[in-house]
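Report on one structure; see the data block that follows.
4 protein chains.
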Amino acid sequence: MTRADYRAFRIIPTRWMDNDAYGHVNNVVYYSWFDTAVNAWLIEQGLLDIQNGNPIGLVVETGCRYHRSVAFPERVEAHLRIAKLGTSSVRWEVGLFTAGHDGPAAEGHFVHVYVDRVTRRPSPLPDAWRQALMPLVVAQDGAAP
Amino acid sequence: MTRADYRAFRIIPTRWMDNDAYGHVNNVVYYSWFDTAVNAWLIEQGLLDIQNGNPIGLVVETGCRYHRSVAFPERVEAHLRIAKLGTSSVRWEVGLFTAGHDGPAAEGHFVHVYVDRVTRRPSPLPDAWRQALMPLVVAQDGAAP
Amino acid sequence: MTRADYRAFRIIPTRWMDNDAYGHVNNVVYYSWFDTAVNAWLIEQGLLDIQNGNPIGLVVETGCRYHRSVAFPERVEAHLRIAKLGTSSVRWEVGLFTAGHDGPAAEGHFVHVYVDRVTRRPSPLPDAWRQALMPLVVAQDGAAP
Amino acid sequence: MTRADYRAFRIIPTRWMDNDAYGHVNNVVYYSWFDTAVNAWLIEQGLLDIQNGNPIGLVVETGCRYHRSVAFPERVEAHLRIAKLGTSSVRWEVGLFTAGHDGPAAEGHFVHVYVDRVTRRPSPLPDAWRQALMPLVVAQDGAAP
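So this is what it looks like as structure tokens:
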């Protein structure tokens with residue numbers, strides 16, 4: 001995978017406390033970047049409204065493979081794509097890249113189910129969401145569909 | 001200050017990622033323990049209800065002096081007392097103790113203003129709160145009032 | 001899966017800031033519990049020494065499926081087992097349980113590669129480690145081997 | 001205080017999990033921004049080297065007053081100045097600003113003692129550090145000295 005295999009990205013600076021006792025960013029922190037990259041993208045597209053909007057996205061599965069360590073004060077590029085756009089769920093894939101490398105430092109996935117804010121039951125993605133998400137969808141082999 | 005200068009306490013185990021690149025708990029994490037100790041106490045007394053209750057507590061000032069480092073997997077005792085019980089605000093003081101030491105590893109304070117959940121304007125502490133908080137109040141010199 | 005499918009456990013209290021804007025523990029935080037449960041177990045067995053010991057464990061892959069939300073101030077039981085004990089790597093599986101439920105709130109895995117502290121290259125698990133880890137190993141179908 | 005009362009700044013984007021159950025950034029997180037802004041500045045000036053350098057900075061006191069809430073996905077400007085440049089300690093002051101406001105969302109301080117990496121005893125600031133830090137020093141009344 002390279003940056004070209006993804007469809008959008010966001011710069012995320014590391015923070016001092018991201019580093020753990022071994023002097024590199026703790027494995028847990030990578031997930032906070034996935035969460036941030038996906039939700040920020042949704043908010044900036046005018047789709048997600050944390051306080052009042054409907055639907056909201058709940059996370060049902062996540063995973064990450066770590067290829068290379070990252071350390072404060074590096075900046076991370078979180079690159080996004082969608083591997084599966086379901087009726088009410090989306091499988092996001094996130095590649096974390098750092099300066100000077102073609103390959104990702106880590107590759108993660110993040111499955112969001114979009115639910116009604118009050119009932120917290122899955123609700124079909126609104127058309128506006130589906131249209132905004134479509135350009136991020138890639139075929140399983142990494143090529144655009 | 002020793003444990004006897006406080007009025008209630010809570011055990012808080014450290015977590016792996018609390019440690020930072022220098023191999024001890026990062027200064028930021030101590031504040032998460034203050035927050036946890038104070039809010040857990042309020043919840044367990046039946047006062048605070050995060051989801052639905054009224055009032056809720058917002059933080060307007062915090063501070064901490066660090067005397068001795070703490071490291072995972074140590075367990076911390078967060079000891080609580082109230083230095084000032086105002087109409088709608090409370091100055092909590094928290095001493096963080098670890099096994100084998102009389103003196104605190106750190107001493108912090110935490111000023112909560114209790115506000116209406118919706119308007120987020122200060123509201124006088126309900127009587128039930130005031131009665132529950134009274135036993136934690138100490139005089140400025142550390143003696144019970 | 002129930003608690004009986006695991007071989008060791010650790011109590012982990014939630015913290016106030018574990019909750020996110022939707023009022024339950026953020027998906028990221030679960031991974032800090034995996035890290036904590038595994039490393040604390042290794043330390044308490046006298047195997048891992050964060051500051052000076054050899055080997056140390058680096059994380060190469062993690063994952064989690066979320067079944068039920070958890071919220072502060074709940075306490076979590078992190079139950080551990082080992083699904084694969086390799087030459088220098090271990091696949092840990094962690095079930096997170098809460099009071100009143102037989103099934104886990106979340107199930108995760110956590111692949112540690114044990115490396116030399118200085119070179120950070122994989123090193124075969126010492127015999128003392130292997131012997132201590134054996135009782136946690138389960139067969140792939142969840143039964144003890 | 002306004003941005004003009006400070007001497008350097010750094011942009012810090014918020015992260016999804018910075019928000020707590022009340023829908024704004026948790027009070028604890030502000031301290032991670034202080035730590036990040038100060039240490040990143042020291043690293044970028046070629047002064048601090050986390051892995052190998054000498055001295056390193058340990059935190060002995062911190063504090064924060066919160067004036068206005070901040071929420072993901074806002075970006076924060078962490079503005080820095082030095083209120084006291086001692087022999088081996090520095091009192092950093094940090095103002096956190098957000099778009100559209102002249103006044104800070106929060107004002108904090110952060111006292112670093114610079115210590116020998118191995119002995120962890122205070123060591124006088126090297127000349128190179130002192131010269132680099134001087135331009136950030138303000139007089140107590142907020143005016144440049």
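Protein chains in written order, with the numbering used here: chain A, 1 to 145; chain B, 1 to 145; chain C, 1 to 145; chain D, 1 to 145. Ideal Cβ placement from N, Cα and C applies to all residues, glycine included.
Proximity of residue i and residue j at Cβ, strictly below 8 Å
i, j, result
"Ile56 (chain D)", "Ala37 (chain D)", "no"
"Asn19 (chain A)", "Asp116 (chain A)", "no"
"His79 (chain C)", "Val90 (chain C)", "no"
"Leu204 (chain B)", "Ala83 (chain B)", "The requested residue 204 (chain B) does not occur in the structure, where chain B is confined to residues 1 to 145."
"Pro104 (chain B)", "Arg7 (chain B)", "no"
"Gly100 (chain A)", "Cys64 (chain A)", "no"
"Trp92 (chain B)", "Phe110 (chain B)", "yes"
"Phe72 (chain D)", "Val25 (chain D)", "yes"
"Leu133 (chain A)", "Leu85 (chain A)", "yes"
"Asp21 (chain C)", "Ile43 (chain A)", "According to the sequence displayed, residue 21 (chain C) carries Ala and not Asp. Cβ distance not < 8 Å, so Ala21 (chain C) and Ile43 (chain A) don't count as in contact."
"Val60 (chain C)", "Val137 (chain C)", "no"
"Thr119 (chain B)", "Arg75 (chain B)", "no"
Buried/exposed call for residue i, threshold 16 Cβ in 10 Å
i, result
"Arg35 (chain A)", "Note that residue 35 (chain A) is Asp in the sequence shown, not Arg. So Asp35 (chain A) counts as buried."
"Met17 (chain B)", "buried"
"Glu77 (chain C)", "buried"
"Phe52 (chain C)", "The amino acid occupying residue 52 (chain C) in the given sequence is Asn; Phe does not appear at that position. So Asn52 (chain C) ends up on the exposed side."
"Ala4 (chain D)", "exposed"
"Thr2 (chain C)", "exposed"
"Arg10 (chain C)", "buried"
"Ala139 (chain A)", "exposed"
"Thr87 (chain B)", "exposed"
"Gln131 (chain C)", "exposed"
"Ala143 (chain B)", "Low local confidence applies: a pLDDT of 48 at Ala143 (chain B) is under 50, so the model's placement there is unreliable, with the coordinate-based value given in what follows. Looking at its Cβ environment, which holds fewer than 16 other Cβ atoms inside 10 Å, Ala143 (chain B) is exposed."
Residues bridged to residue i [DSSP beta-bridge criterion]
i, result
"Ile11 (chain C)", "C:Glu77"
"Thr119 (chain C)", "BP columns for Thr119 (chain C) are empty, so no partner."
"Ala106 (chain B)", "B:Tyr66, B:Leu96"
"Glu61 (chain B)", "B:Val111, D:Arg65"
"Arg91 (chain D)", "D:Lys84, D:Val111"
"Val25 (chain C)", "C:Asn19"
"Val137 (chain A)", "A:Ile82"
"Ile56 (chain A)", "A:Val115"
Any non-hydrogen atom of the ligand PLP within 7 Å of residue i CB
i, result
"Ser123 (chain D)", "The ligand PLP is not among the ligands present in this structure, which contains no ligands whatsoever."
- Query: If you measure beta-carbon to beta-carbon, which residues of the region 36 to 56 of chain D are closer than 8 Å to chain C?
  - Reply: Answer in chain order: no residues at all.
- Message: Three Cβ pairs or more, each shorter than 8 Å: is that satisfied between the region 121 to 134 of chain A and the region 59 to 72 of chain B?
- Response: no
- Listed from N- to C-terminal order along the chain, which residues in the region 91 to 104 of chain C have their beta-carbon within a distance smaller than 8 Å of any beta-carbon of chain D? none
- Message: Counting only Cβ-Cβ distances shorter than 8 Å, please list the residues of the region 17 to 30 of chain C near chain B, keeping chain order.
- Response: Met17, Asn19, Gly23
- Residues of the region 66 to 77 of chain D with Cβ closer than 9 Å to any Cβ of chain A, in chain order: Ala71, Phe72, Pro73
- the region 109 to 122 of chain A: positions lying closer than 8 Å to chain C by Cβ: none
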